[in-house]
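Number of protein chains: 2
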Amino acid sequence: MSERRPGEIPEATVARLAVYLRVLTGLVDASTVTVSSEELAAIAGVNSAKLRKDLSYLGSIGTRGVGYDVTLLREKIASSLGLTQRRTCVLVGIGNLGHALAGYSGFSSRGFTFVGYFDADPGRMGEPIADSQISDISELESVVESNGVSIGVIATPAEAAQTVCDRLVDAGVTSILNFAPSVLSVPDNVDVRKVDLAAELQILSFHEHRKSRGLGDGLVESVG
Amino acid sequence: MSERRPGEIPEATVARLAVYLRVLTGLVDASTVTVSSEELAAIAGVNSAKLRKDLSYLGSIGTRGVGYDVTLLREKIASSLGLTQRRTCVLVGIGNLGHALAGYSGFSSRGFTFVGYFDADPGRMGEPIADSQISDISELESVVESNGVSIGVIATPAEAAQTVCDRLVDAGVTSILNFAPSVLSVPDNVDVRKVDLAAELQILSFHEHRKSRGLGDGLVESVG
DNA sequence: AACGGCTTGTGAACGCATGCACAAAGTGAG
DNA sequence: CTCACTTTGTGCATGCGTTCACAAGCCGTT
Chain A
19 MSERRPGEIP EATVARLAVY LRVLTGLVDA STVTVSSEEL AAIAGVNSAK LRKDLSYLGS
79 IGTRGVGYDV TLLREKIASS LGLTQRRTCV LVGIGNLGHA LAGYSGFSSR GFTFVGYFDA
139 DPGRMGEPIA DSQISDISEL ESVVESNGVS IGVIATPAEA AQTVCDRLVD AGVTSILNFA
199 PSVLSVPDNV DVRKVDLAAE LQILSFHEHR KSRGLGDGLV ESVG
Chain B
19 MSERRPGEIP EATVARLAVY LRVLTGLVDA STVTVSSEEL AAIAGVNSAK LRKDLSYLGS
79 IGTRGVGYDV TLLREKIASS LGLTQRRTCV LVGIGNLGHA LAGYSGFSSR GFTFVGYFDA
139 DPGRMGEPIA DSQISDISEL ESVVESNGVS IGVIATPAEA AQTVCDRLVD AGVTSILNFA
199 PSVLSVPDNV DVRKVDLAAE LQILSFHEHR KSRGLGDGLV ESVG
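Respectively, the protein sequence lines represent chains A and B.
The letter at position 43 of the first sequence is residue 61 when you use the working numbering, and the numbering goes up by one with no holes.
The letter at position 99 of the second sequence is residue 117 when you use the working numbering, and the numbering goes up by one with no holes.
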């Protein structure tokens, strides 16, 4: 029944668009002009029907009998994801992970500019990081406000995460990427995505456990 | 219709069990004895009905009218996730991210032991990392085999990821956590989980984009 | 200009996940 | 023992996501 309004792209599709975008960038670099849904799906590791349905949310981009124009498709996806404008971000919590994130080239190459790196330890203020330096957490609000920062990345210990989150939101940040192992509560208009490293390993552990128990197919378990 | 066999826990539930486990560990530390589904759900940031359904896959653990015994529940979840035995892991690719992962205390505190850190650059062999040192990639197979490693973590550049993955699988690894921005192909019996940092930001970018366009509720869009 | 061969875009069916709402089951007071 | 109260466990309905299968549409050839 629920007619999806134009521009309403399902969450699951959005996540895959980012993957397609990366694959397409690779194809552009390889000077590929055209690609079929079958080929693209194979590279991206998905079913071709799913890929076509995903792309159909962006409008009719392909040419029947031919495929998709690689450059055009890439631009369409980038524009749907709002990647035509650079987005400014701040990173809070410069521990091991924070350093790694600051040094990750994939962010800046994909249109994200970090305008501030913050840590609660005053002793670390001024310490060089990426091509900038660590600022004290007290400057968080002013940097966010003066740069119109829309995305905040939290890489603090769990205890500090909610406080930092509240300060980011109060300062005007409307999207948060959380690496701290804690559940954040935010107003409705703020989006949060969480990356939980330990949870990832635990999920794999579950599958290991399952494999080592249930060896075989139609197993003994069929007891009345 | 499809009667789910005992022990068959849905994927979405498994992911949440890891969250519940963390919350419960916090409650144990706070000497909490009993918790209701309502309370636990609030802390974990989920709906209480969903939480009860999740837990019901582990059997009947709670006491009606009372709630769940915190310690018992935690043990049940840990055992379902296969966390009663320590699991051995290797980490391949010691760049910025690799270093951060090696230094992340959350892994070892949750039952994961890293028995090898590998990098392709021979010049870095012997360099200290965590409480161990970097090994050359050529030793990968022998370490995996002699330690019965079941989980491999890949933090290499995208170009190297598939090759490393193949070597891990050949050596006997059956679960892979991939931080490289590339799609891995593996045999059916191997599980892969992917963490794509740039994709996470792009997904947030999409929501920012959406928010800045579609301000307001029942909007103008209703054109015939 | 008509036809055969491809490939897209999508209606429809299916399956998994979520959330409601309530019966089942335990506790404690009187 | 009985009753009122609490909280679990779950049947059912709903909605979202995936997959199939095919009509619609484009291209090159004859």
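Cβ atoms here follow ideal geometry from the backbone N, Cα and C, with glycine treated the same way.
What you are looking at is a predicted structure, and each value in this text was computed from that prediction instead of being measured.
Cutoff 8 Å; reference residue i; Cβ partners in own chain excluding five residues on either side
| i | result |
| --- | --- |
| S20 of chain B | Per-residue confidence for S20 of chain B stands at a pLDDT of 43, beneath the threshold of 50, marking its modelled position as unreliable; the derived number appears in the next sentence. Closer than 8 Å at Cβ, skipping near neighbours: no residue. |
| F125 of chain A | C107, L119, F132 |
| P216 of chain A | Checking the sequence, you will find Ala at residue 216 of chain A rather than Pro. Excluding positions up to five away in sequence, the list reads P199. |
| T81 of chain A | D87 |
| L90 of chain A | I79 |
| P140 of chain B | D154 |
| N207 of chain A | T192 |
Residues of its chain near residue i, where Cβ-Cβ distance is below 6 Å and the 5 sequence neighbours each way are ignored
| i | result |
| --- | --- |
| D72 of chain A | T31, R34 |
| K212 of chain B | N196 |
| D243 of chain A | Nothing can be reported for residue 243 of chain A, as the shown portion of chain A is limited to 19 through 242. |
| V161 of chain B | G134 |
| G170 of chain B | V108, L186, V191, I194 |
| S55 of chain A | S66, L69, R70 |
| D209 of chain A | S193 |
| L101 of chain A | G129 |
Status (buried if at least 16 other CB within 10 Å, exposed otherwise) for residue i
| i | result |
| --- | --- |
| S223 of chain B | buried |
| N163 of chain B | The amino acid occupying residue 163 of chain B in the given sequence is Glu; Asn does not appear at that position. Exposed. |
| T174 of chain B | buried |
| A179 of chain B | buried |
| E226 of chain A | buried |
| V6 of chain B | A question about residue 6 of chain B goes unanswered here, because the residues of chain B that appear run from 19 up to 242. |
| P205 of chain B | exposed |
| V110 of chain A | buried |
| S127 of chain A | exposed |
| R105 of chain B | buried |
| E157 of chain A | exposed |
| R231 of chain A | exposed |
| S313 of chain A | The structure shown does not extend to residue 313 of chain A, since chain A is modelled only from 19 to 242, so the question has no answer here. |
| D149 of chain A | exposed |
| Q220 of chain A | buried |
| V167 of chain A | buried |
| E26 of chain B | exposed |
| E177 of chain B | exposed |
| A96 of chain B | buried |
| A48 of chain A | exposed |
| V182 of chain B | buried |
Listed by chain order, chain A residues near residue i by CB distance under 9 Å
| i | result |
| --- | --- |
| E226 of chain B | G100, R105, S168, I169, T192, S193, D209 |
| G85 of chain B | Residues of chain A passing the Cβ test: none, with the nearest at roughly 20 Å. |
| I112 of chain B | In chain order: nothing, as chain A lies at least about 11 Å away. |
| S164 of chain B | Here the premise fails: no neighbours, minimum Cβ distance about 18 Å. |
Contacts of residue i in chain A (Cβ-Cβ under 8 Å)
| i | result |
| --- | --- |
| Y75 of chain B | Those do not exist, as Y75 of chain B stays about 12 Å from chain A at its closest Cβ, beyond 8 Å. |
Proximal residues of chain B, C-beta to C-beta of residue i below 7 Å
| i | result |
| --- | --- |
| R40 of chain A | P199 |
| E218 of chain A | L195, R211, V213 |
| G121 of chain A | N114 |
| K94 of chain A | Residues of chain B passing the Cβ test: none, with the nearest at roughly 13 Å. |
Chain-order list of residues whose beta-carbon lies under 7 Å from that of residue i (same chain, five-residue window excluded)
| i | result |
| --- | --- |
| S74 of chain B | none |
| P28 of chain B | none |
| V53 of chain B | L45, G85, Y86, V88 |
| D214 of chain B | P199 |
| L115 of chain B | A173, F197 |
| A189 of chain A | L158, E159, V162, E163 |
| R92 of chain A | L39, L42, T43, V46 |
Residue i: CB within 7 Å of a non-hydrogen atom of the ligand FMN
| i | result |
| --- | --- |
| Y38 of chain B | Among the components modelled here there is no ligand, and therefore nothing to report on the ligand FMN. |
Under 7 Å from the C-beta of residue i: neighbouring residues of chain A
| i | result |
| --- | --- |
| I221 of chain B | V32, A33, A36, R211 |
**Message:** Runs of 4 residues minimum, wholly inside the region 48 to 123 of chain B: which ones carry the alpha helix (DSSP H) assignment?
**Reply:** Listed in chain order, the complete alpha helix (DSSP H) runs (minimum 4 residues) inside the region 48 to 123 of chain B are 55 to 62, 66 to 74, 88 to 98, 114 to 121.
Exercise. At 4 residues or longer, and completely inside the region 171 to 223 of chain A: list those alpha helix (DSSP H) runs for me, N to C.
Key: Contiguous alpha helix (DSSP H) elements confined to the region 171 to 223 of chain A occur at 176 to 189, taking only those with 4 or more residues.
Name, going along the chain, the residues of the region 46 to 78 of chain A whose beta-carbon falls closer than 8 Å to a beta-carbon of chain B. Correct list: I61, A62, G63.
Can you give, in chain order, each stretch of the beta strand (DSSP E) that sits fully within the region 139 to 165 of chain A and has at least 3 residues? The DSSP assignment places 150 to 154 as complete runs of the beta strand (DSSP E) inside the region 139 to 165 of chain A, in order along the chain (cut-off: 3 residues).
Contacting positions in the region 125 to 149 of chain A - beta carbon closer than 7 Å to chain B | If the cut-off is 7 Å between Cβ atoms, the region 125 to 149 of chain A has F125, R128, F130 near chain B.
| message | Short of 8 Å Cβ to Cβ, which residues in the region 27 to 39 of chain A face chain B? | response | Identification of residues in the region 27 to 39 of chain A having a C-beta nearer than 8 Å to some C-beta of chain B yields I27, V32, A33, L35, A36, V37, L39, given in sequence order.
Next item on the list: Mind checking the region 151 to 162 of chain B against chain A and listing, in chain order, the residues whose C-beta falls within less than 7 Å of any C-beta there?
Entry: Residues of the region 151 to 162 of chain B with a C-beta atom less than 7 Å from some C-beta of chain A do not occur.
Mind listing which residues of the region 170 to 191 of chain B have their C-beta closer than 7 Å to chain A's C-betas, in chain order?
-> Those residues of the region 170 to 191 of chain B that come within reach of chain A (Cβ to Cβ, closer than 7 Å) do not exist; the list is empty.
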